[in-house]
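Peer 1: Its first residue numbered 1, the sequence shown is counted upward by one per residue in my numbering.
Positions of the beta carbon are idealized from the N, C-alpha and C atoms, including for glycine.
Computed from a predicted structure; not experimentally measured.
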Amino acid sequence: MSRVGEMPIKIPDGVQIQIGSQDATVKGPKGTLTCLVNPQIKLKDIDGELIFERPSDSKIHKSLHGTTRSMLNNMISGVVQGFSKHLEIVGVGYRVEQTGKDVTLHVMFSHPVKFSAPSGIEFKVEGNNSITVIGIDKQLVGHTAAQIRKVRPPNAYTGKGIRYRGEQVKVKPGKSARSTV
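#1: Looking only at its chain, what residues have a beta carbon closer than 7 Å to the beta carbon of R95, apart from the 5 residues adjacent to it on each side?
#2: Based on Cα-Cα distance, which residue from G174, P153 and G142 lies nearest to Q168?
#3: Should A24 go down as buried or exposed, given a rule of 16 or more other Cβ atoms within 10 Å for buried?
#4: For G100, which option in S21, K124 and M75 has the closest C-alpha, if you only look at C-alpha atoms?
#5: Beta strand (DSSP E) containing A146: first to last residue?
#6: Got a sec, what are the start and stop residues for the alpha helix (DSSP H) H61 sits in?
#7: I'd like to know whether the C-beta atoms of D137 and G161 end up nearer to each other than 8 Å.
#8: As a quick exercise: from R165, G166 and Y157, pick the residue whose alpha carbon is nearest that of K175.
Here you go:
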């Protein structure tokens, strides 16, 4: 069993944490993040370390304990370093353009698909076939990257589409290749 919640988090220099009754706010060099915290999980700042305590060893308290610790650890990492997801656009004629804060995808639809950046997210286009989604909120960065990928996910037969960098797409054989085997 994982005991993630029992590990303390070392608070880096330049990071301030304000603990409320039902929320926690983390301020750092890159910005500020706030999240709701279950009031049953107690947070304590002792000697530059954040410690989490649960009221009992019940299943729900154990899961809340680890989840709360992971959320706050991600918030601290986000305000110090930030998070990014890299997307690649693969296919003949597929390309991406950046116009201000928005991204326009040309992925063989009858019209270009315009995607606006939510607040706290920044797009960086490298070349004409690579997008980097950058932000301090790990959940929002991942969700935004997933929404972009959802516009044209990789095709199972040709491999064309939008994919994460390093993602392996298993290409299926076509009808003619299948019948000869």
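Peer 2: Put simply:
#1: Reading the sequence shown from its first residue, position 95 is the one you call residue 95. For R95, where only same-chain residues beyond five positions count, the Cβ hits under 7 Å are I89, H106, N128 and N129.
#2: In the sequence shown, counting from the first residue as 1, residue 168 sits at position 168. Among G174, P153 and G142, the Cα nearest to that of Q168 is on P153.
#3: Indexing the sequence shown from 1 puts residue 24 at position 24. Under this definition A24 is a buried residue.
#4: Locating residue 100 in the sequence shown gives position 100, counting from the first residue. The option with the nearest alpha carbon to G100 is K124.
#5: Counting from 1 along the sequence shown, the entry for residue 146 is found at position 146. Premise fails: A146 lies in the alpha helix (DSSP H), K138 to V151, not in any beta strand (DSSP E).
#6: For the purposes of this step, residue 61 is taken as residue 61 along the sequence shown, with counting starting at 1. K59 to V80 is the span of the alpha helix (DSSP H), which, as asked, contains H61.
#7: Position 137 of the sequence shown, counting from 1, holds the residue named residue 137. Position 161 of the sequence shown, counting from 1, holds the residue named residue 161. In this structure, D137 keeps its C-beta atom at 8 Å or more from the C-beta atom of G161.
#8: Within the sequence shown, the letter at position 175 stands for residue 175. Here the closest residue by C-alpha is Y157.
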